[in-house]
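Per the numbering used here, residue 961 is the first one in the sequence shown, and the count goes up by one each step.
Positions of the beta carbon are idealized from the N, C-alpha and C atoms, including for glycine.
Structure first, then comments.
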Amino acid sequence: MVSNKVKRIVQEYSDISSKPDWVDALRLAREELKQVEDRAQILRESIATFETLVSSPAEPHVV
């Protein structure tokens, strides 16, 4: 997923040889990576919470 987005960004700038445009492309790629890393962290935390809930013994039900 990330690599496809980075490839797309690089392709958009591939015909441009000036340094500022490449710097901008790199900045955009870094921003995209940061967003993906943030989402991955949220998913890791959600999975850990779910695993904790699943592995904990069931609480007794009051009837």
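CA-to-CA distance, residue j to residue i, given in whole angstroms
i            : j            : result
residue 986  : residue 996  : 15 Å
residue 1014 : residue 1002 : 18 Å
residue 980  : residue 1007 : 40 Å
residue 988  : residue 1004 : 24 Å
Inset, instruction - Indicate whether the contact test is met: 3 or more Cβ pairs, each with one atom in the region 985 to 1002 and one in the region 962 to 969, closer than 8 Å. - result: yes
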